[in-house]
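Right, one structure below, let's go through it.
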Amino acid sequence: MPAVTPRIPAPSSHPGAGSRTAHRAAPFALHASILAALLAASSAPTPFYPHYQDHWQLSALTVTVIFAAYSLTLLLALLTTGGLSDHLGRRPVLVGALLLEAASMVLLASADGAGALVTARILQGAATGAATSAAGAALLDLQDPLRPGRSALANSIAPVAGMAIGVLASTLLVRFAPAPTVTVYVLLAVLFAAQAIAVTFTAGTARLHAGVLRSLRPHLAVPPSARSALLGVGTAVVAVWALGGFYSSLGPALVHLAAPGASQAAGGVVFFVLTAAATITVWTVRCVAPRAAAISGCLALIPSAVLSLLGLHGAGLPAVQGGAVLAGVAFGAVSQGALRMTLTSLDEQDRAATLAAYYVLSYLSMSLPALAAGAATQHFGLDTTAHAYTTAAALLAVAALAALARSGRGAAPGAHSDLP
């Protein structure tokens, strides 16, 4: 697949270039923190699932329904509001979405059963879907000509770092806080309200375009340059996000199946291990050619699946944790490669919509297989489901390697060096 060398403006010799760069720093950091906080909130419930199951007698299927309610609503929001900020502006979309996110945190803090959790997660999915594409597009708007790869790196690293922070904070609160299922959500609600206020003081970063109402019709809009890249790396994205969804929804149950004596906190730690490894990997491969990064991620996914299965055959918790580490390496490498391949040389009016399309593919890959796994667990048990799921993820990784090799044969020499 031919990649496109980005247009990198020459460093400006204008005396105001340094001040313009400094002027970008604060809003850039704010929008990166918004992405991180949104994904922290998405992973925060993971360590609480065993608690919810014990207190409300929830089945594995109910847990995955709660998980899928968030993901599927987020998908609908991406399909309808994903490109809204290209027409209405980043600031109003973000302020509204962040306030809705804060409201969903209040509902999660006061939840008293599965129905309340599903309602709160639906609101959270709607808010996150609207906010992620707007915040990610704002990062692209704030690209520093002197640091051309920074926006793509921030779009890659902020979400996985946020998920790691969210699951770690929840895991620690489970261990040490008197009311963990309230405290974490109250803190997040305050954070989102503060971010909404901060966004109101930022300058607009996008030129507005007509067609606001038309943009709300469910659709995916990807320009040809990004479309070919997304098709080439799409199977790899499906593989790593599907495995991430399995660890996010059923990871705690998998830990307790492999190590029945493990503490409740150990169930949350396994997803933290995955997301922490993903964060480190995104940073590590930032200067690697994007296609090579995606290929290395697919190669890491295969032994990850093997280790996870060994954990169920006597190797115990160390094997499951090792599988989670390699799953995180796969997730980080593929995400970094895919985003850099997809976001290269996007025009301003295509940024939010293209990011929305990427997240639609990602969250479909995360939610639908996880929901199917929850249903399969009811009928066949977690052991059989885990075997089938991880084997399918490994086969997807093999198919992704073939797709990347096939598309890479037509790539132009030097087309991948989009980071200094």
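Under the working numbering, the first residue of the sequence shown carries the number 7, and numbering increases by one thereafter. Beta carbons: idealized from backbone N, C-alpha and C, even for Gly. Fair warning: this is a prediction, and the values are worked out from it, not measured in the lab.
Return the chain-ordered ranges of every alpha helix (DSSP H) run that is complete within the region 347 to 410 and spans a minimum of 4 residues. 357 to 386
Residues in the same chain with beta-carbon distance under 6 Å from A283, minus the five sequence neighbours each way, listed in chain order, please. Counted from its first residue, the sequence shown places residue 283 at position 277. Hits under 6 Å: V331, G334 and V335.
On the CB-based measure, 16 or more other CB atoms within 10 Å of its CB, does I203 come out buried or exposed? If you number the sequence shown from 1, residue 203 lands on position 197. Its Cβ having fewer than 16 others within 10 Å, I203 is exposed.
Using 10 angstroms around the beta-carbon of P56, count the other beta-carbons present and answer buried if the total reaches 16, otherwise exposed. Looking up residue 56 in the sequence shown gives position 50. Answer is buried; the Cβ neighbour count reaches 16.
Flag this pair as touching only if the region 308 to 322 and the region 393 to 404 have three or more C-beta atom pairs under 8 Å; answer yes or no. yes
What did DSSP end up calling R153 once you bin it into helix, strand or coil? Stepping through the sequence shown from its first residue, residue 153 is reached at position 147. Strand.
So what does DSSP say about V166, is it helix, strand or coil? Residue numbering aside, residue 166 sits at position 160 when the sequence shown is read from its first letter. In this structure, V166 counts as helix in the three-state DSSP scheme.
Given this structure, state the Cα-to-Cα distance separating W289 from I163, to the nearest angstrom. One-based indexing of the sequence shown puts residue 289 at position 283. One-based indexing of the sequence shown puts residue 163 at position 157. If you take the alpha carbons of W289 and I163, they lie about 7 Å apart.
Flag this pair as touching only if the region 48 to 67 and the region 146 to 159 have three or more C-beta atom pairs under 8 Å; answer yes or no. no
Starting from the C-beta of V99, find all residues in its chain whose C-beta is less than 8 Å away, skip the five residues before and the five after it, and write them out in chain order. Taking the sequence shown and counting its residues from 1, the one referred to as residue 99 is at position 93. Cβ within range, chain order: T87, L90, S91, A136, A137 and A140.
Considering only C-alpha positions, which residue in the set G322, V294, L263 and P324 is nearest to T391? For the purposes of this step, residue 391 is identified with residue 385 of the sequence shown, where counting begins at 1. Ranking the options by Cα distance to T391, first place goes to L263.
Where C293 falls, given that 16 or more other Cβ within 10 Å makes a residue buried: Translated into positions along the sequence shown, residue 293 becomes position 287. Exposed.
Rounded to a whole number of angstroms, what is the C-alpha to C-alpha distance between A209 and A47? Your numbering for residue 209 matches position 203 in the sequence shown. Your numbering for residue 47 matches position 41 in the sequence shown. Each residue's alpha carbon lies about 26 Å from the other.
Check whether the region 67 to 76 and the region 166 to 176 are in contact - that is, three or more C-beta pairs closer than 8 Å. no
Local conformation of P33 per DSSP, three classes: If you number the sequence shown from 1, residue 33 lands on position 27. If DSSP states are grouped into helix, strand and coil, P33 belongs with the helices.
I'd like to check one pair, V101 with V205: are the Cβ atoms closer than 8 Å? Position 199 of the sequence shown holds residue 205. Position 95 of the sequence shown holds residue 101. Contact: yes.
In three-state terms, what does DSSP make of Q342? Counting from 1 along the sequence shown, the entry for residue 342 is found at position 336. In the structure shown, Q342 sits in a helix (DSSP, three-state: H, G or I).
In three-state terms, what does DSSP make of Q63? Numbered from its first residue, the sequence shown carries residue 63 at position 57. If DSSP states are grouped into helix, strand and coil, Q63 belongs with coil.
Touch test, the region 271 to 281 against the region 252 to 263, Cβ-Cβ under 8 Å, three pairs minimum: yes
DSSP state of V294, grouped into three classes? Reading the sequence shown from its first residue, position 288 is the one you call residue 294. If DSSP states are grouped into helix, strand and coil, V294 belongs with coil.
Buried or exposed: where does D147 fall if 16 or more other Cβ atoms within 10 Å of its Cβ makes it buried? Here the question's residue 147 lines up with position 141 in the sequence shown. So D147 ends up on the buried side.
Is it buried or exposed for W62, if we count other Cβ within 10 angstroms and need 16 for buried? Stepping through the sequence shown from its first residue, residue 62 is reached at position 56. Result: exposed.
Cα-Cα separation, H20 to D150: By one-based count along the sequence shown, residue 20 stands at place 14. By one-based count along the sequence shown, residue 150 stands at place 144. Caution is warranted here: a pLDDT of 44 is assigned to H20, below 50, making its placement in the model unreliable, and the coordinate value is therefore given only provisionally. For H20 and D150, the distance between alpha carbons rounds to 14 Å.
In terms of residues, what are the limits of the alpha helix (DSSP H) holding S139? Within the sequence shown, numbered from 1, the residue matching residue 139 stands at position 133. Per DSSP, S139 belongs to the alpha helix (DSSP H) from A120 to D147.
For Q285, three-class secondary structure by DSSP: Reading the sequence shown from its first residue, position 279 is the one you call residue 285. A small fix is needed here, since residue 285 is Thr in this sequence, not Gln. Reduced to three states, the DSSP call for T285 is helix.
For A120, which option in L80, M111 and L64 has the closest C-alpha, if you only look at C-alpha atoms? Here residue 120 refers to the residue found at position 114 when the sequence shown is read from its first residue. Nearest option by C-alpha distance: L64.
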